[in-house]
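Just remember that our numbering sits 91 ahead of the position in the sequence shown, which is counted from 1.
Single-structure report; data block below.
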Amino acid sequence: MNINKKLLKWYYKNKRELPWRKKSKEDLIDSYYVWISEIMLQQTTVNTVIPYFNKFIQRFPNIHILASSSISEVLKYWAGLGYYARARNLHKTAKIIVKRYNGVFPKNIVSLLELPGIGDYTAGAILSIAFNKVAFPVDVNIKRVVQRLSNKHEANKKDLTEYLDSSISRSKPGDFIEALMDLGSQICKSSSPKCELCPLNKNCETFLKNKSMLSSKKINYVKKPIKYGLCLIIERTKDQKYFFIRRPEEGLYGGMLSFPTSNWVINKKSLSKEKVLNFDGLSYKKDKVVHVFSHFKLELFICYKKDLVLNEMKGKWFKKEEARSQLPSLMKKVLDKFIH
Ligand code: SF4
92 MNINKKLLKW
102 YYKNKRELPW
112 RKKSKEDLID
122 SYYVWISEIM
132 LQQTTVNTVI
142 PYFNKFIQRF
152 PNIHILASSS
162 ISEVLKYWAG
172 LGYYARARNL
182 HKTAKIIVKR
192 YNGVFPKNIV
202 SLLELPGIGD
212 YTAGAILSIA
222 FNKVAFPVDV
232 NIKRVVQRLS
242 NKHEANKKDL
252 TEYLDSSISR
262 SKPGDFIEAL
272 MDLGSQICKS
282 SSPKCELCPL
292 NKNCETFLKN
302 KSMLSSKKIN
312 YVKKPIKYGL
322 CLIIERTKDQ
332 KYFFIRRPEE
342 GLYGGMLSFP
352 TSNWVINKKS
362 LSKEKVLNFD
372 GLSYKKDKVV
382 HVFSHFKLEL
392 FICYKKDLVL
402 NEMKGKWFKK
412 EEARSQLPSL
422 MKKVLDKFIH
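Encoded structure:
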């Protein structure tokens with residue numbers, strides 16, 4: 092039996108039940124579901140994404156509703172997932188698809204790649220998984236499995252694509268791609284792969300000839316640089332509301348609701364000179380919120396003020412619970428730790 096037959100046989104018995112995999116009568120997965128899930132899954136694990144996906148689909152069940160919603164509403168349902176540029180691109184793309192393509196995803200790579208936030212990988216995933224076309228979206232799982240199957244551990248994208256092209260099922264390319272993703276996440280894991288359970292162990296060049304490559308490797312963790320910032324909590328005592336701003340569209344947490352903060356600096360000693368809104372020389376608590384981003388760690392120190400005069404400062408007042416669902420995870424930490 093060749094690779095694709097063995098793999099598909101294994102997949103139909105063992106595939107993960109995921110909310111974005113529901114099929115239509117035509118045996119196809121909704122392209123809208125594939126797109127939303129693939130964007131959410133960038134930099135985020137499957138288990139984290141599932142509840143966000145379910146809530147998102149409940150609120151925006153199709154692309155027309157997503158396109159006609161406001162960006163602040165979309166960001167509200169993205170809050171906590173991080174990498175907010177993804178949500179803004181999602182919204183822009185929804186508008187384009189409704190306007191230019193009458194709400195239907197184009198089925199060719201060139202048109203897909205023109206859409207905001209859709210690169211090679213997502214375009215390939217939409218084409219293969221939603222439209223059952225031969226395409227090669229190579230994520231970390233597929234890369235690892237193919238490198239091991241071919242025993243080419245430095246294989247580049249071209250090598251991986253060639254291998255996939257020679258083995259992919261021509262009748263079920265979408266299932267083949269999903270099967271490889273599942274095999275990578277359940278069996279061919281990065282450390283301690285379960286080769287004895289693998290349906291492809293008789294085809295795997297690494298398992299057959301180079302087992303030492305499969306023993307767990309030591310991971311060298313690189314220490315992340317630390318940045319420091321001030322965060323200003325302003326309480327309005329008459330109605331127990333707090334002052335929030337919308338962060339600028341460009342940059343980290345773009346467009347999200349946030350407590351006002353200073354710039355984030357690398358020298359902790361210069362923190363006392365940093366401004367928040369128009370205020371400088373703010374005193375801050377020793378206690379802090381620590382948040383780890385992909386490239387650095389942030390230590391955010393809190394300045395707490397009651398009934399500060401803000402004049403015409405642009406922002407909004409919210410009660411704790413009104414704000415919570417709209418905040419990114421860093422700001423949720425601040426809220427939960429310092430407002431009771
Ligand atoms: S035999 Fe082992 S290394 Fe090879 S594909 Fe299967 S799980 Fe991965």
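Backbone N, C-alpha and C define an ideal beta-carbon position, used for all residues, glycine too.
In this structure, the straight-line span from the alpha carbon of serine 161 to that of alanine 270 is close to 36 angstroms. Under a 10 Å Cβ-count criterion, aspartate 266 is classified as buried, with 16 or more other Cβ atoms of the shown protein chains found around its own Cβ. Burial check for lysine 263: the Cβ neighbour count within 10 Å reaches 16 or more, so the residue is buried. Sixteen is the threshold: since fewer than 16 other Cβ atoms of the shown chains lie within 10 Å of the Cβ of phenylalanine 387, the residue is exposed. For tryptophan 355, the three-state secondary structure derived from DSSP is coil.
With fewer than 16 other Cβ atoms inside 10 Å of its own Cβ, threonine 136 counts as exposed. One alpha carbon belongs to lysine 360, the other to proline 197, and they sit about 53 angstroms apart. For cysteine 322, the pairing in a beta bridge is given by DSSP as Thr352 and Ile393.
Around the C-beta of lysine 411, fewer than 16 other C-beta atoms lie within 10 Å, and the residue is accordingly described as exposed. Leaving aside the five residues that flank isoleucine 209 on each side, the residues in its chain whose CB is nearer than 7 angstroms to its CB run, in chain order, Thr184 and Leu203. Taking C-beta separations shorter than 7 angstroms and ignoring five residues to either side along the sequence, the partners of leucine 399 in its chain run Ile325, following chain order. Asparagine 354 sits close to glutamate 365, with the two beta carbons spaced by under 8 angstroms. For valine 236, the shortest separation between its Cβ and any heavy atom of the ligand SF4 lies below 7 angstroms. Judged by pairs of C-beta atoms under 8 angstroms, the segment 223-242 does not touch the segment 147-158, as fewer than three such pairs exist. In this structure, the alpha-carbon of glycine 275 lies about 23 angstroms from that of leucine 172. Here the alpha carbons of isoleucine 141 and tyrosine 344 stand approximately 21 angstroms from one another. Counting every other CB atom within 10 Å of its CB across the protein chains shown gives lysine 318 a total of 16 or more, marking it as buried. With fewer than 16 other CB atoms across the displayed protein chains lying within 10 angstroms of its CB, glutamine 134 is exposed. The residues Ile278 and Leu305, in chain order, have a CB closer than 7 angstroms to that of proline 284 in the same chain once the five nearest residues on each side in sequence are set aside. Residue state for arginine 107 is assigned as coil, using DSSP reduced to three classes.
Approximately 6 angstroms separates the beta-carbon atoms of proline 228 and isoleucine 268; this is inside 8 angstroms, confirming the contact.
In this structure, the beta-carbon distance from isoleucine 217 to serine 128 does not fall below 8 angstroms. Where isoleucine 130 is concerned, the enclosing alpha helix (DSSP H) starts and stops at 122-132. The C-beta distance from histidine 382 to leucine 368 rounds to 21 angstroms, too long to fall under 8 angstroms, and the pair is not in contact. Cβ-Cβ separation between leucine 348 and cysteine 394: approximately 18 angstroms, too far for a contact (criterion under 8 angstroms).
In this structure, the C-beta of asparagine 292 approaches the ligand SF4 to less than 7 angstroms from one of its heavy atoms.
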